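Engineer: To start, I am sharing the structure in question, which I have written as structure tokens.
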Amino acid sequence: MIFFQNLVNALQLGSFYALIALGYSMVYGVLMLFNFAHGDVFMVGAYIGFLVSTGLLTLANLGAVALPTWLILALTIILAMFLTSFVGMLVERVGYRPLRGAPRASAAISGLMIGIFLETFVLWLGGPKRRSFPALIESTTYELGGVIVTNKKIVIVLVSMLLMLALHLFVRRTKWGMAMRAMAYDYVVVPLMGVPLNTIAALTFGLGSALAAAAGVFFGIAYPVLDPYMGIRYGWKAFVAAILGGRGSVLGAALAGFMLGFIEIFVAWIFPSTWRDLIAYSIILLILTLRPHGFFGEPYSAQLRL
Amino acid sequence: MSKKHTFRLVALLLVGATILGACGPAGPDTIKIGINAPLTGDIPKVGEGTKFAAEMWLADIEAAGGLEVGGKKYNVELVIEDNESKAESATKASTKLITQDEVLIIVGPQSSKQAVPAGGVANDNETPMVSPWSTNPNTTLDRPWVFRSCFLDPFQGPVAANFITEEFGFSKAAVLYDVASDYPKGLAEFFKAAWEDLHGAGSVAAFESFTTGDADFSSQLTNIINSGAEVIFTPQYYNEVALIVQQAHELGWDKPIVGSDSWGSAETVELCGADCYGLFFSTHYAAAGATGATKAFIDRYEAEHGYVPDDVGALTWDTMLIVQEAIQGCGEVSGELEKDRQCVRDALARIKDFDGITGKMTFTEEGDPIKCAVIVRISEAGEFEFYKSACP
Chain B
938 MIFFQNLVNA
948 LQLGSFYALI
958 ALGYSMVYGV
968 LMLFNFAHGD
978 VFMVGAYIGF
988 LVSTGLLTLA
998 NLGAVALPTW
1008 LILALTIILA
1018 MFLTSFVGML
1028 VERVGYRPLR
1038 GAPRASAAIS
1048 GLMIGIFLET
1058 FVLWLGGPKR
1068 RSFPALIEST
1078 TYELGGVIVT
1088 NKKIVIVLVS
1098 MLLMLALHLF
1108 VRRTKWGMAM
1118 RAMAYDYVVV
1128 PLMGVPLNTI
1138 AALTFGLGSA
1148 LAAAAGVFFG
1158 IAYPVLDPYM
1168 GIRYGWKAFV
1178 AAILGGRGSV
1188 LGAALAGFML
1198 GFIEIFVAWI
1208 FPSTWRDLIA
1218 YSIILLILTL
1228 RPHGFFGEPY
1238 SAQLRL
Chain L
17 MSKKHTFRLV
27 ALLLVGATIL
37 GACGPAGPDT
47 IKIGINAPLT
57 GDIPKVGEGT
67 KFAAEMWLAD
77 IEAAGGLEVG
87 GKKYNVELVI
97 EDNESKAESA
107 TKASTKLITQ
117 DEVLIIVGPQ
127 SSKQAVPAGG
137 VANDNETPMV
147 SPWSTNPNTT
157 LDRPWVFRSC
167 FLDPFQGPVA
177 ANFITEEFGF
187 SKAAVLYDVA
197 SDYPKGLAEF
207 FKAAWEDLHG
217 AGSVAAFESF
227 TTGDADFSSQ
237 LTNIINSGAE
247 VIFTPQYYNE
257 VALIVQQAHE
267 LGWDKPIVGS
277 DSWGSAETVE
287 LCGADCYGLF
297 FSTHYAAAGA
307 TGATKAFIDR
317 YEAEHGYVPD
327 DVGALTWDTM
337 LIVQEAIQGC
347 GEVSGELEKD
357 RQCVRDALAR
367 IKDFDGITGK
377 MTFTEEGDPI
387 KCAVIVRISE
397 AGEFEFYKSA
407 CP
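Chains as they are written, first to last, in our numbering: chain B, 938 to 1243; chain L, 17 to 408.
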């Protein structure tokens, strides 16, 4: 029973890692750089979700519009994703596009700076006080044969998986997705054939940021305490998941995100929780020693095209 | 040439003035008490509470026509120094109070960060010092001249353990704490030791930890729930309290969760909401539901300053009264600073069963009070209600 309970716990935690890791992986796939501001984009997404949902709830309470809670939840997710995608595109435009062609270390430094900017910007705007994310889902607990599940967890895990499926279909089935894949294959030659590099780069950042925003809203629902620095920790963990899944692999990032959740939860169950991070990340280090390019990533030689 | 002469003259005058000033007003008619408080810096609210409480005490003394010691009434002067909430400024402020202002005794600093170094200054200069709020053992450790009027962290663990045992009759407890932060880690270990003293080895069914910044405690809580524990003790700060309590409830935990004085922030309830109603934690004092002298102090403070005093204000008030009792217990103020300071220190060490608004206090040899903690219940209105006191 404890096993299944922890399985449910891990699915929820893994959803966040997977959603955030996808953003890292897609950007790497297309532009071969890691967007180190991505964790902070996740934080911004959570704050935008907080603003949207608080605003909608205030409107509903004033009686200005009749909004059932499920609609507020849906609108919050959609609006947060939509607005945050612009934040992501702005990050690309300001932080990375001017540095295209510059040494890769420059882009990494630029990303870190943008991350710090986003943290301090939110800090300046909202103050150091922690924010309480409104309860968009009235918590109901179900017990299935000794395993306790809340409706929150079900919604979070299911919607996360739906979003990942949607991304997969987008990348595999649409023309834009095909352009992204082509760009990932070779971003020097493909633009010469008329595929707009800047548009594809912005699209990639926008999509990744939208998923991070969804993760931010779900995070607020599951752990309703927001602070401007929460993105650092989750950003780094999701980065680990992106590496583990294989740089540039969408499927890999999603699976590795869930796997990271499982490893963290199950290590804390089996071993003393004091050693959790030590053991969990030693396991990941071991996996990467055996498979340096992750589960679905291609070996370096095939990827270093320049 | 004339410039040089002027300079010498000014220097001479300054030296003279300092010497005169030092001997001048501090005659035997006035007692000077130094206050070392963070009026600016990170925690100005703490400094404000200190100042307000001390000034309320002074107003009482002045209304009575002065402080009566051995049949004679003395004027009291408070010398309030700002320590900017910094350790180095606090030692500077204490040095100034001791050597320049020649105070009889110092009240403050408040936080351990400043009280630990400033305590060293007071002890080296053989001047009595009382910190109202510092809970770190090092403030008074091996310093006969330094006292405090709050309980220490090693005391809170047993308080919580005893309270849970008496109140609920439980014998199996679980602890969930942040392994990367000194205060929760220390307190978690003190609680574990105390609980095992009461209920034997193995009675702490789960001793689970996480790292600062974690938001997911589901695995640890699942372990706790399956360990057969009847209560969770979690000495965490208010942001983590909200997450831990909510997640515990979502995982089906319906038994009590108990905390420590780090819960005592107004934001605990703001973040945690209804999930925290009905829970208990140990702290220095409770504003809601207070009675007697405590209520009188709260009402007066609120009337004068417009808000309910926090634990710093209440502890400072008690400290001022302790200082008063020590000076009065001295019997006389001779005007010889060294002798008077020694006398006040000895009187402080002799204080027994002092009846303060934050509880009865008796000082140990270390200068720490033996006093009761307050168990607070978070009411259905989200207020911190006095529930009972827990004594050593």
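Every residue, glycine too, gets a C-beta built ideally from N, C-alpha and C. It should be emphasised that the depicted structure is a prediction, and the values quoted were computed from it without experimental measurement.
(1) In whole angstroms, what separates the C-alpha of leucine 364 of chain L from that of glutamate 341 of chain L?
(2) To the nearest angstrom, how far is the alpha carbon of isoleucine 274 of chain L from that of threonine 1211 of chain B?
(3) For the pair the region 1178-1190 of chain B and the region 1080-1097 of chain B, tell me if three or more CB-CB distances fall below 8 Å.
(4) Give every residue of the same chain whose Cβ lies closer than 7 Å to the Cβ of tyrosine 1171 of chain B, excluding the five residues on either side of it in the sequence, and list them in chain order.
(5) Quick one: is proline 41 of chain L buried, meaning 16 or more other Cβ sit within 10 Å of its Cβ, or exposed?
(6) Applying a beta-carbon distance threshold of less than 8 Å, which residues of chain B neighbour leucine 287 of chain L?
(7) Identify whether valine 392 of chain L lies in helix, strand or coil by the three-state DSSP scheme.
(8) Under the criterion of a Cβ to heavy atom distance below 7 Å, does valine 119 of chain L qualify as lining the ligand FMN?
(9) Roughly how far, in whole angstroms, is the beta-carbon of leucine 1010 of chain B from the beta-carbon of leucine 1073 of chain B, given that I think they are within contact range, below 8 Å?
(10) Using only CA atoms, which one of L:Thr115, L:Ser150, L:Phe223, L:Ile122 lies nearest to aspartate 384 of chain L?
(11) How is the beta strand (DSSP E) around valine 95 of chain L delimited, first residue to last?
(12) Measuring alpha carbon to alpha carbon, tell me which of B:Ala983, B:Gly1234, B:Phe1023 ends up nearest glycine 1157 of chain B.
(13) Considering Cα atoms alone, identify which of B:Thr1226, B:Leu1222, B:Ser1186 is closest to leucine 959 of chain B.
(14) Keeping to the same chain, check which residues put their C-beta closer than 6 Å to that of lysine 368 of chain L; ignore five residues upstream and five downstream.
(15) Return the CA-CA distance between alanine 319 of chain L and arginine 159 of chain L, expressed in angstroms with no decimal places.
(16) Within 10 Å of its beta-carbon, does lysine 88 of chain L have 16 or more other beta-carbons around it, so buried, or fewer, so exposed?
(17) Per DSSP, what kind of secondary structure is isoleucine 373 of chain L in: helix, strand or coil?
(18) Using the rule of at least 16 other Cβ atoms within 10 Å of the residue's Cβ for burial, across every protein chain shown, is cysteine 292 of chain L buried or exposed?
(19) Check the DSSP bridge columns for lysine 48 of chain L and list the partner residues they point to.
(20) Does any residue of chain L have a CB that is nearer than 8 Å to the CB of asparagine 998 of chain B?
(21) Does DSSP put valine 1002 of chain B in a helix, a strand or coil?
(22) Less than 8 Å between the C-beta atoms of leucine 1012 of chain B and leucine 993 of chain B, yes or no?
(23) Tell me the DSSP secondary structure of methionine 1098 of chain B in three-state form.
(24) Distance, Cα to Cα, tyrosine 301 of chain L vs tryptophan 1061 of chain B?
(25) With distances taken Cα to Cα, identify the nearest neighbour of phenylalanine 186 of chain L among L:Gly173, L:His215, L:Ser197.
(26) Give me the Cβ distance between valine 137 of chain L and serine 298 of chain L, rounded to the nearest whole Å; I'm assuming they're in contact under 8 Å.
(27) Tell me whether the beta-carbon of serine 243 of chain L lies closer than 8 Å to the beta-carbon of alanine 221 of chain L.
(28) What does the Cβ neighbour count give for glutamine 116 of chain L, buried or exposed, with the cut at 16 atoms within 10 Å?
(29) Short of 6 Å in beta carbon distance, which residues of its chain neighbour valine 123 of chain L, apart from the five on each side in sequence? Order them along the chain.
(30) Output the distance between the C-alpha atoms of threonine 250 of chain L and leucine 295 of chain L, rounded to the nearest integer angstrom.
(31) Of the residues L:Gly86, L:Leu94, L:Lys129, L:Val85, which one's Cα is nearest the Cα of lysine 102 of chain L?
(32) Within 10 Å of its beta-carbon, does glutamate 396 of chain L have 16 or more other beta-carbons around it, so buried, or fewer, so exposed?
(33) Return the Cβ separation of valine 1084 of chain B and phenylalanine 1232 of chain B in integer angstroms, given the expectation that the two are a contact with Cβ distance under 8 Å.
(34) Going by the DSSP bridge assignment, what does leucine 192 of chain L pair with across the sheet?
(35) I'd like to know whether the C-beta atoms of valine 893 of chain B and alanine 974 of chain B end up nearer to each other than 8 Å.
(36) What do you reckon, are the CB atoms on alanine 2 of chain L and phenylalanine 179 of chain L nearer than 8 Å?
Structural biologist: Taking the coordinates as given:
(1) Counting from one through the second sequence, the residue named residue 364 of chain L turns up at place 348. Counting from one through the second sequence, the residue named residue 341 of chain L turns up at place 325. Roughly 8 Å between the two C-alpha positions.
(2) Against the second sequence, residue 274 of chain L aligns to sequence position 258. Against the first sequence, residue 1211 of chain B aligns to sequence position 274. The sequence shown places valine at residue 274 of chain L, rather than the isoleucine named in the question. Near 21 Å, if we compare the C-alpha coordinates of threonine 1211 of chain B and valine 274 of chain L.
(3) no
(4) Taking the first sequence and counting its residues from 1, the one referred to as residue 1171 of chain B is at position 234. Counting only Cβ-Cβ distances below 7 Å, and skipping sequence neighbours, we find Phe953, Ile957, Gly976, Phe979.
(5) In the second sequence, counting from the first residue as 1, residue 41 of chain L sits at position 25. Caution applies to proline 41 of chain L, whose pLDDT of 42 falls short of 50 and renders its modelled position unreliable; the value that the coordinates give is listed next. Under this definition proline 41 of chain L is an exposed residue.
(6) As a first step, residue 287 of chain L must be located in the second sequence, where it is residue number 271. Ordered by position in chain B, the residues that pass the 8 Å Cβ test against leucine 287 of chain L are Arg1067, Ser1069, Pro1161, Val1162.
(7) As a working mapping, residue 392 of chain L is identified with position 376 in the second sequence. Strand, per DSSP.
(8) No copy of the ligand FMN appears in this structure; indeed no ligand is present at all.
(9) Position 73 of the first sequence, counting from 1, holds the residue named residue 1010 of chain B. Position 136 of the first sequence, counting from 1, holds the residue named residue 1073 of chain B. Confirmed, about 4 Å.
(10) The residue labelled residue 384 of chain L in the question sits at position 368 within the second sequence. Out of L:Thr115, L:Ser150, L:Phe223, L:Ile122, L:Ser150 has the C-alpha closest to the C-alpha of aspartate 384 of chain L.
(11) Locating residue 95 of chain L in the second sequence gives position 79, counting from the first residue. Unbroken beta strand (DSSP E) run through valine 95 of chain L: 88-98.
(12) Along the first sequence, read from residue 1 onward, the residue named residue 1157 of chain B stands at position 220. It is B:Ala983.
(13) Within the first sequence, numbered from 1, the residue matching residue 959 of chain B stands at position 22. Per the Cα distances, B:Ser1186.
(14) Working through the second sequence from its first residue, we reach residue 368 of chain L at position 352. These residues qualify, in order along the chain: Thr378.
(15) Within the second sequence, the letter at position 303 stands for residue 319 of chain L. Within the second sequence, the letter at position 143 stands for residue 159 of chain L. Spanning the two alpha carbons is a distance of roughly 38 Å.
(16) Position 72 of the second sequence holds residue 88 of chain L. With fewer than 16 other Cβ atoms within 10 Å, it is exposed.
(17) By 1-based counting over the second sequence, the position of residue 373 of chain L is 357. Looking at isoleucine 373 of chain L - three-state DSSP - the assignment turns out to be coil, as it is neither helix nor strand.
(18) Here residue 292 of chain L is taken as the residue at index 276 of the second sequence, counted from 1. The residue in question, cysteine 292 of chain L, is buried, as its Cβ has 16 or more Cβ neighbours within 10 Å.
(19) The residue you call residue 48 of chain L lines up with position 32 of the second sequence. Note: lysine 48 of chain L sits in a beta bridge opposite L:Glu93.
(20) As a first step, residue 998 of chain B is located in the first sequence; it is residue number 61 there, counting from the start. Answer no: the Cβ-Cβ gap between asparagine 998 of chain B and chain L never drops below 8 Å.
(21) The residue you call residue 1002 of chain B lines up with position 65 of the first sequence. Valine 1002 of chain B: coil per DSSP, three-state reduction.
(22) Position 75 of the first sequence, counting from 1, holds the residue named residue 1012 of chain B. Position 56 of the first sequence, counting from 1, holds the residue named residue 993 of chain B. Closer than 8 Å, so yes.
(23) To locate residue 1098 of chain B, count along the first sequence from 1; it is residue 161. Methionine 1098 of chain B: helix per DSSP, three-state reduction.
(24) Residue mapping note: residue 301 of chain L aligns to position 285 of the second sequence, counting from 1. Residue mapping note: residue 1061 of chain B aligns to position 124 of the first sequence, counting from 1. Roughly 34 Å separates the two Cα atoms.
(25) Here residue 186 of chain L refers to the residue found at position 170 of the second sequence. If we check each option's Cα against that of phenylalanine 186 of chain L, L:His215 comes out closest.
(26) Working through the second sequence from its first residue, we reach residue 137 of chain L at position 121. Working through the second sequence from its first residue, we reach residue 298 of chain L at position 282. Rounded, the Cβ-Cβ distance is 31 Å, inconsistent with contact.
(27) Taking the second sequence and counting its residues from 1, one reaches residue 243 of chain L at position 227. Taking the second sequence and counting its residues from 1, one reaches residue 221 of chain L at position 205. It is a contact, given that the beta carbons lie within the stated cut-off.
(28) Here residue 116 of chain L refers to the residue found at position 100 of the second sequence. Exposed: under 16 other Cβ atoms inside 10 Å.
(29) Locating residue 123 of chain L in the second sequence gives position 107, where the first residue counts as 1. Cβ neighbours of valine 123 of chain L beyond the five flanking positions: Ile51, Val146, Thr335.
(30) Numbered from 1 along the second sequence, position 234 holds the residue referred to as residue 250 of chain L. Numbered from 1 along the second sequence, position 279 holds the residue referred to as residue 295 of chain L. Roughly 12 Å between the two C-alpha positions.
(31) Walking along the second sequence from the start, residue 102 of chain L turns up at place 86. Selected option, being the one with the closest Cα: L:Lys129.
(32) Start at 1 with the first residue of the second sequence, and residue 396 of chain L comes out as number 380. So glutamate 396 of chain L ends up on the exposed side.
(33) Taking the first residue of the first sequence as position 1, residue 1084 of chain B is located at position 147. Taking the first residue of the first sequence as position 1, residue 1232 of chain B is located at position 295. That belief does not hold up - the Cβ atoms of valine 1084 of chain B and phenylalanine 1232 of chain B are roughly 28 Å apart, past 8 Å.
(34) On the second sequence, residue 192 of chain L is found 176 positions in, with the first residue counted as 1. For leucine 192 of chain L, which the question treats as bridged, DSSP gives the partners L:Glu224.
(35) Outside the displayed range of chain B (938 to 1243) lies residue 893 of chain B, so it cannot be described from this structure.
(36) Absent from the structure is residue 2 of chain L, since the part of chain L shown begins at 17 and ends at 408.
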